[in-house]
Amino acid sequence: MLTLNGQKYSRNELQQQCDRYSQQNDWQGDIFRFIAEWIDEGNDSIRVQTSGSTGTPKSILLKKEHLIQSAIRTQNYLGLRAEDNALLCLPARYIAGKMMIVRAFVTGYNLITVAPSANPFSQPLQRIDFTAITPHQLWESYEKLRQMNIRNIIVGGAEIPPSLEAKTRNIPSAVFATYGMTETGSHVALRRINGTEASTIYEALPDVSFDVDTQNRLIIRADYLTYSPLQTNDVVELLDHKHFRWLGRYDNVINSGGIKIFPEEVERIIAPVIPFVFFIGSLPHEKFSEMVCLFIERATPLTEDEQQDIIQRIRPLLSPHKLPRKTICLPHFEYTTTGKLLRKETCRKAIIH
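Numbering (my numbering), first residue to last: 47 to 399.
What follows is the structure, given as structure tokens:
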């Protein structure tokens with residue numbers, strides 16, 4: 047029924063393991079609490095928590111059958127096999143970690159479990175064919191991943207910084223950016239970010255289609271999803287009903303003097319020349335309503351020379367209305383527990399700071 051760390055478990059044996067470990071208040075306890083919920087035949091749904099990146103975190107129900115269908119589509123898209131070894135290095139209390147377990151039930155692959163950490167590949171591991179990681183883990187594990195040959199790596203949970211995406215060309219594995227959210231159970235589209243098939247365009251999984259509303263916000267349609275059609279807040283360039291290019295979040299749009307600016311688009315353009323952790327945000331402005339600002343995660347202010355250097359680097363890359371009018375250094379940005387940047391909260395912090 048499930049192969050875990052090289053050992054095959056029947057349903058009864060799994061139940062015994064769940065009884066043994068599910069009371070633990072740690073990463074292993076999270077795994078077995080979810081397995082217990084999954085094999086509970088008296089319940090056709092699981093309860094999951096949204097991340098809170100777009101509002102207050104909330105608890106929602108997802109049907110098990112819909113998660114199974116999602117796992118099947120990922121299996122077919124990536125060619126996952128029963129003889130594969132997959133690494134679970136994400137917390138099983140969140141949907142991404144849960145779905146690695148669901149895929150193990152569906153595909154029959156051997157699921158290797160390790161404590162979630164910034165660099166889960168630092169310890170000796172047997173052959174790994176598939177794993178899911180966050181951008182932060184990709185960053186911290188970069189040197190190790192250059193020496194490994196994992197067949198498929200999917201990266202999700204937050205935006206992949208352009209500078210990090212560029213570095214993946216040195217990783218021999220096939221690395222994919224995922225598009226999805228808790229409400230979709232898992233990703234509904236993938237985008238190869240390295241190798242000869244690297245692209246800026248997301249491709250839908252089988253049986254998923256896309257549309258947009260009048261604001262060019264993505265609408266997801268799939269019969270197997272618990273919530274469909276699903277209206278998102280992501281502004282995209284829709285190429286056809288199976289492909290789109292992601293532009294940014296509608297709720298992140300900066301309206302400066304009546305001109306709409308997507309901060310994520312500006313970030314992608316200037317990332318190669320900014321040697322700091324940064325993002326583009328805004329502050330209130332009397333004349334323009336909002337003023338484009340460059341926020342840098344740094345304990346000390348930039349020197350005058352550093353500020354001039356940054357201006358000289360980015361000025362040729364941006365049209366005048368997209369140029370940051372102010373640079374603000376903050377010791378720490380605000381993030382969700384899953385590592386997603388909280389832009390508005392960080393901007394508010396700058397006003398107080």
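By construction, the Cβ of each residue, glycine as well, lies at the ideal position given by its N, Cα and C atoms.
Identity of the residue in the options nearest residue i by Cα
{"i": "residue 171", "options": "143, 181, 223, 157", "result": "157"}
{"i": "residue 304", "options": "283, 279, 336", "result": "336"}
{"i": "residue 274", "options": "262, 231, 349, 372", "result": "231"}
{"i": "residue 228", "options": "323, 76, 145, 68", "result": "145"}
{"i": "residue 311", "options": "108, 152, 119, 280", "result": "280"}
{"i": "residue 241", "options": "217, 187, 83", "result": "217"}
{"i": "residue 328", "options": "107, 394, 93", "result": "394"}
{"i": "residue 269", "options": "262, 278, 255", "result": "255"}
{"i": "residue 72", "options": "161, 131, 276, 84", "result": "161"}
{"i": "residue 207", "options": "111, 197, 219, 239", "result": "239"}
{"i": "residue 65", "options": "49, 82, 388, 264", "result": "82"}
{"i": "residue 74", "options": "139, 47, 107, 88", "result": "139"}
{"i": "residue 260", "options": "248, 278, 114", "result": "278"}
{"i": "residue 296", "options": "87, 263, 198, 107", "result": "263"}
{"i": "residue 167", "options": "143, 370, 193", "result": "193"}
{"i": "residue 383", "options": "57, 56, 103", "result": "103"}
{"i": "residue 235", "options": "117, 70, 388, 47", "result": "117"}
{"i": "residue 301", "options": "220, 292, 326, 291", "result": "326"}
{"i": "residue 110", "options": "85, 380, 58, 195", "result": "85"}
Cβ separation of residue i and residue j, assumed to be a contact under 8 angstroms, to the nearest whole Å
{"i": "residue 78", "j": "residue 63", "result": "6 angstroms"}
{"i": "residue 250", "j": "residue 237", "result": "Contact flag wrong, Cβ pair sits at about 11 angstroms."}
{"i": "residue 477", "j": "residue 320", "result": "As shown, the chain starts at 47 and ends at 399. That puts residue 477 outside it, with no answer to give."}
{"i": "residue 132", "j": "residue 150", "result": "7 angstroms"}
{"i": "residue 147", "j": "residue 80", "result": "6 angstroms"}
{"i": "residue 93", "j": "residue 105", "result": "6 angstroms"}
Inter-residue Cα distance where the pair is residue i and residue j
{"i": "residue 96", "j": "residue 190", "result": "31 angstroms"}
{"i": "residue 214", "j": "residue 91", "result": "37 angstroms"}
{"i": "residue 299", "j": "residue 366", "result": "17 angstroms"}
{"i": "residue 53", "j": "residue 342", "result": "47 angstroms"}
{"i": "residue 185", "j": "residue 211", "result": "9 angstroms"}
{"i": "residue 308", "j": "residue 359", "result": "20 angstroms"}
{"i": "residue 136", "j": "residue 258", "result": "32 angstroms"}
{"i": "residue 225", "j": "residue 245", "result": "14 angstroms"}
{"i": "residue 253", "j": "residue 286", "result": "14 angstroms"}
{"i": "residue 338", "j": "residue 176", "result": "40 angstroms"}
{"i": "residue 289", "j": "residue 271", "result": "18 angstroms"}
{"i": "residue 283", "j": "residue 375", "result": "32 angstroms"}
{"i": "residue 397", "j": "residue 390", "result": "11 angstroms"}
{"i": "residue 31", "j": "residue 169", "result": "There is simply no residue 31 to check, as the chain begins at 47 and stops at 399 in what is shown."}
{"i": "residue 370", "j": "residue 306", "result": "14 angstroms"}
{"i": "residue 346", "j": "residue 317", "result": "20 angstroms"}
{"i": "residue 314", "j": "residue 112", "result": "34 angstroms"}
{"i": "residue 67", "j": "residue 89", "result": "21 angstroms"}
{"i": "residue 247", "j": "residue 294", "result": "13 angstroms"}
{"i": "residue 107", "j": "residue 141", "result": "11 angstroms"}
{"i": "residue 266", "j": "residue 233", "result": "11 angstroms"}
Span of the beta strand (DSSP E), counted from its first residue to its last, around residue i
{"i": "residue 58", "result": "Not the beta strand (DSSP E): residue 58 falls in the alpha helix (DSSP H), residues 57-67."}
{"i": "residue 334", "result": "That residue, residue 334, is in no beta strand (DSSP E); it is neither H nor E in DSSP."}
{"i": "residue 233", "result": "233-238"}
{"i": "residue 221", "result": "220-226"}
{"i": "residue 283", "result": "276-286"}
{"i": "residue 139", "result": "Premise fails: residue 139 is in no beta strand (DSSP E) and is neither H nor E."}
{"i": "residue 171", "result": "Unbroken run through residue 171: none, as it is neither H nor E."}
{"i": "residue 48", "result": "48-50"}
{"i": "residue 372", "result": "372-376"}
{"i": "residue 267", "result": "263-267"}
{"i": "residue 291", "result": "289-295"}
{"i": "residue 200", "result": "198-201"}
Span of the alpha helix (DSSP H), counted from its first residue to its last, around residue i
{"i": "residue 115", "result": "110-124"}
{"i": "residue 254", "result": "Here residue 254 belongs to no alpha helix (DSSP H), and DSSP marks it neither H nor E."}
{"i": "residue 74", "result": "73-84"}
{"i": "residue 212", "result": "208-213"}
{"i": "residue 312", "result": "309-316"}
{"i": "residue 95", "result": "Counting along the chain, residue 95 falls outside any alpha helix (DSSP H), though it belongs to the beta strand (DSSP E) covering 91-95."}
{"i": "residue 191", "result": "188-192"}
### Segment contact, 8 angstroms Cβ cut-off, at least three pairs: the region 200-208 with the region 178-185
Because the criterion of three Cβ pairs below 8 angstroms is met, the region 200-208 and the region 178-185 touch.
### Task
Could you tell me whether the region 328-335 touches the region 345-356, using the rule of 3 or more Cβ pairs below 8 angstroms?
The answer is no - the region 345-356 does not touch the region 328-335, with fewer than three Cβ pairs under 8 angstroms.
### Query
Would you call the region 149-168 and the region 122-138 touching, i.e. three or more CB-CB distances under 8 angstroms?
Counting Cβ pairs under 8 angstroms, three or more are found: they touch.
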